[in-house]
Ligand SMILES: C[S@@+](CC[C@H](N)C(=O)[O-])C[C@H]1O[C@@H](n2cnc3c(N)ncnc32)[C@H](O)[C@@H]1O
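In the UniProt record's numbering, the protein residues as written are 1 to 252.
See the structure below:
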């Protein structure tokens, strides 16, 4: 039987590469490693890459193994999920991987301007009815810009046609340079070693026969960000009045 949540939280409290801060402490004292991840934690000056909404952290750990000369930090609010990647990277002795338990909305408390080179967003909830909660919405782009370097890159991998179409429109509306995009990664011979890493959610959607979409773009500085003005068809397989159990978890 797997470990229960409390045992996982106990484990993580002792892990040297897992950071979790109560909001009150953040407000009062701030995060003392902000702007100093290189010197104080990674002990190198390699680029820092975040996986936002990392779940079990498959991209954080997978990319960490592929790229020893980059540093990876998985970010999620859910600690029990993150434990899987935290444990694997600790046991593998990886010094270029860390995990941060926080709400993404607080990300600028943890990183200084320009401290982050790239951001991966892997299989986020598309938040079809709540643009403010959508991780590729302009509200989040503003937050990402605060911490990204000038030519900072964002990667989105998703099953959701809604999320992919919305993101492509948001990118177009704000004139962000697109480096690569496909609406059918695994039937296009474009998947490489990096794009073939599969997250927990990705595997579930693949098992249900969905195509995987991917876009990579440069999140350049913009004076003003504009929400795209388009109607996008909702994903038919996803419930948007979500109860606690997602459509995926309930098999609907
Ligand atoms: C659908 S799951 C995907 C997890 C993982 N990336 C995967 O592909 O298996 C979305 C994850 O994003 C996290 N998440 C969503 N919104 C968040 C936010 N605002 N702050 C922190 N985590 C968030 C959730 O806790 C959840 O673990």
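Beta carbons: idealized from backbone N, C-alpha and C, even for Gly.
These numbers come from a predicted model, not from an experiment.
* Bounding residues of the beta strand (DSSP E) (the contiguous stretch that carries residue 214) -> 213 to 218
* Would you report the Cα separation of residue 211 and residue 174, rounded to the nearest angstrom? -> 26 Å
* **Range of the contiguous beta strand (DSSP E) that encloses residue 120** => 116 to 122
* To do: With a cut-off of 5 Å, give the chain-ordered residues whose Cβ is closer than this to any heavy atom of ligand 1.
  => 53, 55, 76, 77, 78, 103, 104, 122, 123, 199, 200 and 201
* **residue 89 - containing alpha helix (DSSP H), residue span** => 79 to 91
* Taking C-beta to C-beta, are residue 122 and residue 193 nearer than 9 Å? -> no
* Asked: Alpha carbon to alpha carbon, how far is residue 133 from residue 127?
  -> 6 Å
* Where do the ends of the alpha helix (DSSP H) carrying residue 58 lie? -> 58 to 66
* Mind checking residue 114: buried by the 16 CB within 10 Å criterion, or exposed? -> exposed
* Asked: Tell me which same chain residues have a C-beta within less than 7 Å of the C-beta of residue 110, skipping the five on either side of it?
  -> 31, 34, 100 and 102
* Integer Cβ distance of residue 108 from residue 147, believed to fall under 8 Å -> 6 Å
* Applying the criterion that 16 or more other CB atoms from any shown protein chain within 10 Å of the CB defines a buried residue, is residue 150 buried or exposed? -> exposed
* Tell me, which residues are paired with residue 182 by DSSP? -> 214
* Would you give the residue range spanned by the beta strand (DSSP E) that residue 101 belongs to? => 97 to 101
* **DSSP three-state assignment for residue 32, whether helix, strand or coil** => coil
* To do: Using the Cα positions of residue 14 and residue 165, report the straight-line distance between them to the nearest angstrom.
  => 41 Å
* With DSSP as the reference, label residue 138 as helix, strand or coil. => helix
* How about residue 163 and residue 141: are their beta carbons less than 9 Å apart? -> no
* Asked: Quick check: the region 57 to 71 against the region 184 to 203, are there 3 or more CB pairs under 8 Å?
  -> yes
* Anticipated Cβ contact below 8 Å, residue 157 with residue 214, distance rounded -> 5 Å
* Asked: For the candidate residues 130, 18 and 118, whose alpha-carbon lies nearest to that of residue 82?
  -> 18
* To do: Provide the residue span of the alpha helix (DSSP H) that contains residue 111, from first to last.
  => Unbroken run through residue 111: none, as it is neither H nor E.
* When you compare only the Cα positions, how much space is there between residue 223 and residue 58? -> 34 Å
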